[in-house]
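So that you can map any letter, position 61 of the sequence shown is 45 in the numbering used here, and since no number is skipped, the others follow by simple counting. Glycine included, each C-beta is placed from N, C-alpha and C at the ideal position.
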Amino acid sequence: MGARRGRVEMQVRWSDVDLFGHVNNAAYLGYLDDARFTLFPSMGVDETGALTASMLVVVKHEIEYLAALTYRPAPFAVEVWVPRIGRSSVDFAYEILDAANPETVYLRARSRMVQLDTATHAARAFTAEERAAFEAHLGASPELHSW
């Protein structure tokens, strides 16, 4: 099944580049967060990133760096989709690629987020409506190499 991926184009900022001339690993987390929050409205959460009376918090990131992304004027793209939905957690998958040449993949990653009730900070199960919003973006988990 092909995922209905969200796509956000971004620019490398000069401050993202390290002494080696490529985007620093820490900057990539910002790219993933920015893309996920930009796409949340199309994934069934409001413009602040909240799902009704809950909040999604990151509990795990898994990142594989595949090619060096350097400072340049051309944009890159971050694609986001949902490979897994649990009772109260959801996984997001990502690819960062060249916007003009999508065969060039710089990074593949997964993030797991858990939905918490804002009052109790305990995990809260997704409602049927919330689950349906994520199911619209279901797709295969990215192939990441094992340790």
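(request) Please name the residue in Gln(-5), Leu16, Val89, Val74 whose C-alpha comes closest to that of Ala51. (result) Val89
(request) Assign Ala112 to one of three DSSP states: helix, strand, or coil. (result) helix
(message) Could you check whether the region 58 to 66 touches the region 75 to 84, counting it as contact only if at least three pairs of C-beta atoms, one from each stretch, sit closer than 8 Å?
(response) yes
(request) Confirm, please, whether the CB-CB distance from Val64 to Arg108 is below 9 Å. (result) no
(message) For Val98 and Asp17, I'd like the C-alpha separation in whole angstroms.
(response) 15 Å
(request) Could you tell me if Phe76 is buried or exposed, where buried requires 16 or more neighbouring beta carbons within 10 angstroms of its beta carbon? (result) buried
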